[in-house]
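The structure appears right after this line, and notes come after that.
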Amino acid sequence: MKKITGIFLILTFAIVGLFTAFKSMADDKKPFQVKEFTLNGAGKLQAKTSGGSIKVTGGSGNQVKVMVFVTPSNWKRRMEAPSPEALAKYTIDVRQEGNTIYAIAERKERGWNNENGLNIGFEIEIPQQMACNLRTSGGSISLESVTGEQQVETSGGSLAFKNIKGNMDANTSGGSINLANYQGDLDAKTSGGSINVDDASGRLKVHTSGGSIHLDKVAGDIDAHTSGGSIHAEVQRLGKYLTLETSGGSVHATVPGGKGLDLDLEGNRVKTALTNFNGTSDTRRVKGTVNGGGIPVKMSTSGGTTELSYRM
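Here the working numbering is used: position 194 in the sequence shown is 295, and no number is missing along the way.
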């Protein structure tokens with residue numbers, strides 16, 4: 102037994118060591134190409150790639166720095182330099198036109214050969230005031246410390262946002278969406294992951310077909326839908342409405358107390374305090390007004406408990 106345990110520990114340390122070595126090599130990876138530009142006023146960024154991730158970070162000044170990272174998509178060759186034959190199959194276009202920066206990586210011919218395919222990603226440093234259009238079909242996208250109109254889309258990865266001011270459309274078909282410190286109108290959709298929002302205000306519309314939704318310290322007009330998980334919302338300030346709907350889990354919300362509300366709560370079981378209530382209620386449905394009515398609050402689930410709590 103001791104011998105087996107010893108062998109297991111040796112294998113574990115070997116795997117951890119190999120992983121650490123690969124991670125260190127990846128962290129030390131040098132960019133394939135670096136270009137810098139100067140903007141004159143608020144700018145726009147157009148970044149698109151079909152086989153890699155995009156990371157954009159805002160900062161002070163009027164400088165833009167675009168770093169291009171190229172690695173073989175075949176995992177057995179991830180630590181190798183891309184071959185000239187593989188590079189010849191792609192177009193990498195990084196340029197400035199007026200106050201618009203383009204960072205585009207495209208395969209010249211359709212079809213996919215994993216043996217000679219490449220992952221081409223961007224890490225871009227931009228001024229804080231910048232409108233971004235970011236698209237990739239093969240990786241994740243992160244955006245941080247930026248003010249302006251944002252459009253973000255990926256078919257094969259997660260989305261992460263932090264310190265964003267401005268309206269944003271965000272879509273992914275294959276990952277989760279995580280957002281922190283946001284102000285503006287948000288329309289976020291995913292077909293394959295959870296949505297987590299922390300400290301956000303504005304018109305917040307989030308939808309997922311394959312995960313849970315967690316809203317913490319949110320304020321404004323809130324509309325959240327999921328077909329495959331639970332919803333939890335800590336609402337600091339109610340806007341024009343609060344709508345939370347799921348087909349596959351429980352729904353829980355905490356809202357400020359003492360407000361006039363129009364309640365429409367439905368679930369396998371409904372739990373809430375009914376003070377100054379006028380309407381109808383039973384264990385599965387509550388419909389009516391609280392404190393004379395006012396803000397519509399609709400919460401429903403087909404597969405769990407609906408619970409509305411009040412914070413005094």
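Glycine included, every Cβ here is placed at the ideal spot set by N, Cα and C.
Note that the structure is a prediction, hence the values are computed from the model and not measured.
Burial state of residue i (16 or more Cβ within 10 Å)
{"i": "Lys-130", "result": "exposed"}
{"i": "Ser-410", "result": "exposed"}
{"i": "Ser-241", "result": "buried"}
{"i": "Ala-122", "result": "Reliability fails at Ala-122, whose pLDDT of 35 lies under 50, so the model's placement of it is uncertain and no value is given."}
{"i": "Met-231", "result": "buried"}
{"i": "Leu-375", "result": "exposed"}
{"i": "Ser-403", "result": "exposed"}
{"i": "Asn-141", "result": "exposed"}
{"i": "Gly-160", "result": "exposed"}
{"i": "Thr-139", "result": "exposed"}
{"i": "Thr-384", "result": "exposed"}
{"i": "Pro-183", "result": "buried"}
Cα-Cα separation, residue i to residue j
{"i": "Gly-285", "j": "Phe-378", "result": "33 Å"}
{"i": "Leu-188", "j": "Lys-399", "result": "54 Å"}
{"i": "Thr-327", "j": "Glu-408", "result": "16 Å"}
{"i": "Ala-143", "j": "Gly-321", "result": "28 Å"}
{"i": "Tyr-283", "j": "Thr-406", "result": "29 Å"}
{"i": "Glu-245", "j": "Ile-193", "result": "24 Å"}
Identity of the residues DSSP links to residue i by a beta bridge
{"i": "Pro-132", "result": "DSSP lists no partner for Pro-132."}
{"i": "Ala-206", "result": "Thr-150, Ile-193"}
{"i": "Lys-418", "result": "Absent from the structure is residue 418, since the part of the chain shown begins at 102 and ends at 413."}
{"i": "Ser-401", "result": "Glu-346, Glu-367"}
{"i": "Thr-158", "result": "Glu-226, Glu-245"}
Contacting residues, own chain, Cβ-Cβ under 6 Å from residue i (five flanking each side not counted)
{"i": "Asp-317", "result": "Asp-299, Glu-335"}
{"i": "Thr-344", "result": "Asp-324, Lys-399"}
{"i": "Lys-145", "result": "Thr-201, Ala-232"}
{"i": "Ala-148", "result": "Ile-155, Ala-204, Phe-223, Leu-235"}
{"i": "Thr-347", "result": "Thr-327, Ile-332, Thr-402"}
Close Cβ partners of residue i (< 7 Å) along its chain, the five nearest in sequence each way excluded
{"i": "Ala-127", "result": "Note that Ala-127 scores a pLDDT of 40, beneath 50, so its modelled location is shaky; the value from the coordinates is reported in the next line. Excluding positions up to five away in sequence, the list is empty."}
{"i": "Leu-339", "result": "Val-356, Pro-357, Lys-360, Ile-396"}
Contacts around residue i, its chain only, beta-carbon distance under 8 Å, and the 5 residues preceding and following it disregarded
{"i": "Tyr-191", "result": "Ala-206, Glu-207, Arg-208, Lys-209, Leu-219, Ile-221"}
{"i": "Thr-381", "result": "Val-387, Lys-388, Gly-389"}
How do the region 335-344 and the region 384-393 stand: do at least 3 beta-carbon pairs fall below 8 Å, yes or no? no
The region 224-233 in contact with the region 160-171 per 3-pair CB rule at 8 Å: yes
For the 8 Å Cβ check, are there 3 or more pairs between the region 357-375 and the region 295-312? no
Can we say the region 188-208 touches the region 247-267, given the rule of at least three CB pairs closer than 8 Å? no
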